[in-house]
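K.L.:
Below: one structure in structure tokens.
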């Protein structure tokens, strides 16, 4: 509940001061203890189980107000300034201007239209980093009361329902869904989220290629053999990420940071 | 065996040498499909939405053809009052019809609209090459991919999305047809239409109103909620029916996107004079029903000799009458009683499809506005009755003695309004006495109908068949519905 107030405060400050990087609203991070985990992607050929080390993850996605504060102090990441190599032509296109959100964009909604490079730079500036895929997947496996709710059809349905909502529409404030067991929000249903190793996921872009060992090498962890037939809801996340180049942006693609210090 | 077949085979060969195409010598397939490098200026392909087909190709040389196809994710009507989020090639289901010539070099541009949520790609069955273009065309929202192929094989081909999970992308409507004309072109006909079947899986039941999400489990179970031509129950009926004139020859380019069901494609009231089965080169003649595989096609041709309404169906017939696989061709022109006596298709046979659904929609609108009249209710109720109820209770309301109770002069119907509403919502099974006679059968629940539709049906029945009148309002139905909870759909 504190965040919207912060966000609005920051937006006000920005509109008055022009640049106000110091007023960037803080994002709360939560502890994720890690542990044994079966991923939908093989961590090595044929191996799906791994141990995820403890990490911290932002409770919510980075908001427009927070990203505005960032570009206010970092001119090189403003729309129109960021080089085409690092951000495509739709970078932050929904904003009214390089330093103005405008009426269509809610300050407390997740920022979208950001490239992987820009997202990584944002987290870096916070002394944080983008989460790795396995970290995103580990956290997203939880529901409100369990650390791994993936066997529950209701968990899967939440993800599928979000896919079923038409894209490109104005987004609401972060924190739409109830907090998970760990205290994170909106992992299943908010925006697509960049991960640090997005490029390494490289799912075969033709879903039907299967089982060719050369292809496994060729396409990294791709060539999905549907280890878990119920895992298609998560696989759609991976399919989306693997369609992207690091400079790409889309209207439903945002991010959150990991590795931030937890404030108590 | 050989004694019988040989003369036929020889006859066919002789016929073929005269006709030029029937059971013709091999076309040589892709081995003879490369007609050299593209000549002349590049051409931008004309793309059409179903049921339209692009103009025939006049060129006699291979060209470079540019195809610009944009993926859109859109909420559209799948049935009256029911919306669905379709994923489309070009804004409609099926996707745009693409028409090229064998030997053409196609420069394909796949754009994914910025408002799309999902990445998409395209696999054209007309492509010779790994994945049919899928790997080369994987495209994030707001981006574009380009690849080029030479169309080596002639025929009618399906294209579709092949992004994970493939079944879901196809189930949401991501398919269409690409026609690769033979070098000599298609034989001219009077009318060409584009018809493509697909099966759909929604959380709610058939015709359950409102926005319906995709149901993955039903899709896996191959338990279709809708089986449709051209992506909507109303795409080819009423005012959207195809039209033709007596004496014309009609060619249907028929595709089946699936994802699951094979179509037994049939036109009630006609016989296909010619079918290029599976969209290939050889043809069969005098065909009643042709099989169109999921991910396959057929080209059917027939001359229409008499006026009337021809009905396109999947002859797996419950799909036609209970899941929406119905279309119409209205043929106008002079009667020819020597060929057919001329009675129109029976209204009960087709149910509410024959009547423009206008009366139902008008009554629904008036109900919402709070000023529906009894006459509007009766009119809308009549339409619904002919579609849903008359099959058992008969158009006369007399029912069938000993099996289906009568609604005509019915003491059971008129005695208890709340009970009547409950019967429609919950169905009725077990022994009842109507007009002094015992009945013991099963009526399925009709809870997929709206409150106002049930009100209209009952109002119609109470004011017809010699009954003494009365009105049921949508509010009364809503009250009964709220007071008696029932499982919502079969989905979860």
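Chains as they are written, first to last, in the working numbering: chain P, 1169 to 1432; chain G, 48 to 539. The beta carbon of each residue, even a glycine, is placed where N, CA and C say it ideally should be.
(1) What do you reckon, are the CB atoms on residue 378 of chain G and residue 291 of chain G nearer than 8 Å?
(2) Compare the C-alpha of residue 1349 of chain P against each of P/1227, P/1217, P/1216, P/1214 and name the closest.
(3) Would DSSP call residue 1239 of chain P helix, strand or coil?
(4) Which one of P/1257, P/1198, P/1403 has the shortest CA to CA distance from residue 1229 of chain P?
(5) Go to residue 367 of chain G, then tell me how far its beta strand (DSSP E) extends in each direction, as first and last residue.
(6) For residue 1436 of chain P, which residues in chain G fall below 7 Å Cβ to Cβ?
(7) Following the continuous beta strand (DSSP E) through residue 155 of chain G, name the residue where it begins and the one where it ends.
(8) Taking residue 74 of chain G as the reference, which of G/295, G/202, G/186, G/102 has the closest Cα?
(9) Between residue 1430 of chain P and residue 1307 of chain P, what straight-line distance do the alpha-carbon atoms span, to the nearest angstrom?
(10) Would you say residue 141 of chain G and residue 277 of chain G are within 8 Å of each other, going by their C-beta atoms?
(11) Check each candidate in P/1253, P/1271, P/1288 and name the one with the smallest Cα separation from residue 1235 of chain P.
(12) Whose Cβ in chain G lies nearer than 7 Å to the Cβ of residue 1411 of chain P?
(13) In three-state terms, what does DSSP make of residue 215 of chain G?
(14) Considering only residues of the same chain and omitting the five flanking positions on each side of residue 152 of chain G, which have a CB-CB separation below 6 Å?
(15) Go through its chain and collect everything with a Cβ distance to residue 530 of chain G's Cβ below 6 Å, but skip five positions before and after it.
(16) Could you check whether the Cβ of residue 1331 of chain P sits closer than 8 Å to any Cβ belonging to chain G?
(17) For residue 472 of chain G, which residues from the same chain have a beta carbon less than 8 Å from its beta carbon, with the 5 sequence-adjacent residues on both sides left out?
(18) Please state the DSSP three-state secondary structure of residue 77 of chain G.
(19) Going along chain P in order, which residues have a C-beta closer than 9 Å to the C-beta of residue 263 of chain G?
(20) Using a Cβ-Cβ cut-off of 8 Å, state whether residue 190 of chain G counts as contacting chain P.
(21) Closest to residue 465 of chain G by C-alpha separation, out of G/520, G/214, G/347, would be which residue?
(22) Residue 132 of chain G touches chain P at which residues, Cβ-Cβ below 7 Å?
(23) Could you pull out every unbroken alpha helix (DSSP H) segment of at least 4 residues lying fully inside the stretch 424 to 505 of chain G, listed in chain order?
(24) Note the first and the last residue of the continuous alpha helix (DSSP H) segment covering residue 523 of chain G.
(25) Looking at residue 1418 of chain P: is its Cβ nearer than 8 Å to the Cβ of residue 187 of chain G?
(26) Suppose the cutoff is 8 Å on Cβ atoms and the five residues either side in sequence are ignored; what does the same chain contact list for residue 335 of chain G look like?
(27) Could you work out which residue in G/288, G/264, G/271, G/257 is closest to residue 247 of chain G when comparing CA atoms only?
(28) Pull out every residue of the stretch 103 to 126 of chain G whose Cβ sits closer than 8 Å to any Cβ of chain P, in chain order.
(29) Assuming residue 261 of chain G and residue 219 of chain G are in contact, meaning their beta carbons sit under 8 Å apart, how far apart are those beta carbons, in whole angstroms?
(30) Kindly list, in the order they appear in chain G, the residues whose Cβ is closer than 7 Å to that of residue 1258 of chain P.
(31) Mind checking if residue 1415 of chain P is an interface residue toward chain G, Cβ cutoff 8 Å exclusive?
(32) Can you name the start and end residues of the alpha helix (DSSP H) that residue 238 of chain G belongs to?
(33) Can you tell me whether DSSP reads residue 298 of chain G as helix, strand or coil?
(34) Keeping to the same chain, check which residues put their C-beta closer than 8 Å to that of residue 191 of chain G; ignore five residues upstream and five downstream.
(35) Please return the same chain residues whose Cβ sits closer than 7 Å to the Cβ of residue 421 of chain G, not counting the five positions on each side in sequence.
(36) Taking DSSP as the reference, what is the three-state secondary structure of residue 1217 of chain P?
P.N.:
To lay it out plainly:
(1) yes
(2) Across the set P/1227, P/1217, P/1216, P/1214, the C-alpha of P/1227 shows the shortest separation from the C-alpha of residue 1349 of chain P.
(3) Look at residue 1239 of chain P here: in three-state DSSP terms it is helix.
(4) P/1198
(5) Counting along the chain, residue 367 of chain G falls outside any beta strand (DSSP E), though it belongs to the alpha helix (DSSP H) covering 365 to 369.
(6) Because chain P in this structure spans residues 1169 to 1432, residue 1436 of chain P falls outside the shown range and cannot be described.
(7) Where residue 155 of chain G is concerned, the enclosing beta strand (DSSP E) stretches over 152 to 159.
(8) G/202
(9) 16 Å
(10) With respect to the 8 Å criterion, residue 141 of chain G and residue 277 of chain G are classified as neighbours on the basis of their beta carbons.
(11) P/1288
(12) 166, 185, 186, 187
(13) helix
(14) 85, 111, 197
(15) none
(16) Interface residue, yes.
(17) 492, 493, 494, 501, 524, 527, 528, 531, 533
(18) helix
(19) 1324, 1325, 1328, 1400, 1401
(20) yes
(21) The residue with the shortest Cα to Cα distance from residue 465 of chain G is G/520.
(22) The answer, in chain order, is 1332, 1334.
(23) 437 to 440, 458 to 462, 464 to 473
(24) 521 to 530
(25) Their beta carbons are under 8 Å apart, which means residue 1418 of chain P touches residue 187 of chain G by this criterion.
(26) The residues are 313, 318, 319.
(27) G/271
(28) For the stretch 103 to 126 of chain G, the set of residues with a beta-carbon nearer than 8 Å to any beta-carbon of chain P comprises 120, 121, 122, in chain order.
(29) 6 Å
(30) 161, 189
(31) no
(32) Unbroken run through residue 238 of chain G is the beta strand (DSSP E), 238 to 247; no alpha helix (DSSP H).
(33) Residue 298 of chain G: strand per DSSP, three-state reduction.
(34) Around residue 191 of chain G: 156, 157, 158, 159.
(35) 506, 518
(36) Secondary structure of residue 1217 of chain P (DSSP, three-state): strand.
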